[in-house]
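Residue numbers (the numbering used here): 6 to 278.
This is the structure:
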């Protein structure tokens, strides 16, 4: 019997791209809040998710440098389970509740890519770099400067700079909304490509969420226009605060907010009949 939480399934299950949950993450974040054109931002929202009219296009661009582990000390395999990533979160509303919607995301290895797809993040491969802080040098302090960038297929997609100003006890208005994603897996069969095998809006249930060493400052952000990508459509028209912090959290479950899969299957059966 073949084993493994995800592909490739194998006799021992060790070949799978990522082990089963619970998943535990720890790392550093550099983020910049900004406002994009609210009309253009609305175009990347799926059915059921609406723009947050109160924040009028407010978004956050997030660069991460982190490591991962599950049940078997995967953190001791840093080549496989250390990652860097980038994502954009748009302020949105689901059934009257404030949420963050993730339209685009990038990571730099296949294990992280698979975990993202399982959780509904629309991840692609990219090359992410961000300034690191070390205890012996480059400390977090007033007037210290940090930068980050994401590129893919030889093209620069986003670049950020922040200048730290003061410590903060929280991330109110920056990274304090539950993230909603879409688990979407299409069918390969010619007659069913418009009826996905899985189509769910989900919210990952985070546990033991910790943010520490939070520094707030001034941010700068740019999304250059690139071929074959659409991130620049969400380019900033106004930039706000930058933040540098460390984080840790765990996930083992998700809440299914809506499931269009059954409806899609019904449509598919109707076509087949």
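Glycine residues also receive a C-beta, built at the ideal position from the N, C-alpha and C atoms.
In chain order, 188, 261 and 264 place their CB closer than 6 Å to the CB of residue 205, counting only its own chain and leaving out the 5 sequence neighbours on each side. Taking C-alpha positions only, residue 71 is separated from residue 45 by approximately 31 Å. When rounded, the separation of the alpha-carbon atoms in residue 227 and residue 36 is 13 Å. Ranked by how close their Cα comes to the Cα of residue 231, the residues 155, 259 and 217 have 155 in first place. Per the C-alpha coordinates, the member of 241, 256 and 221 positioned closest to residue 247 is 221. The three-state secondary structure of residue 266, taken from DSSP, is helix. Going by C-alpha positions, residue 131 is about 8 Å away from residue 91. Per DSSP, residue 66 is one residue of the beta strand (DSSP E) stretching across 63-74. Inter-residue distance for residue 238 and residue 7 is about 44 Å (C-alpha atoms, whole angstroms).
The beta strand (DSSP E) runs lying completely inside the region 148-202 and spanning 3 residues or more are 150-157, 160-172 and 184-190, given in chain order. Exclusion of the five residues before and after residue 53 leaves 99, 206 and 263 as the residues of its chain whose Cβ lies within less than 7 Å of its Cβ. Closest in alpha carbon position to residue 177, among 114, 12, 103 and 258, is 103. The criterion of a C-beta distance shorter than 8 Å is satisfied by residue 242 and residue 41. Just so you know, the alpha carbons of residue 62 and residue 236 end up roughly 14 Å apart.
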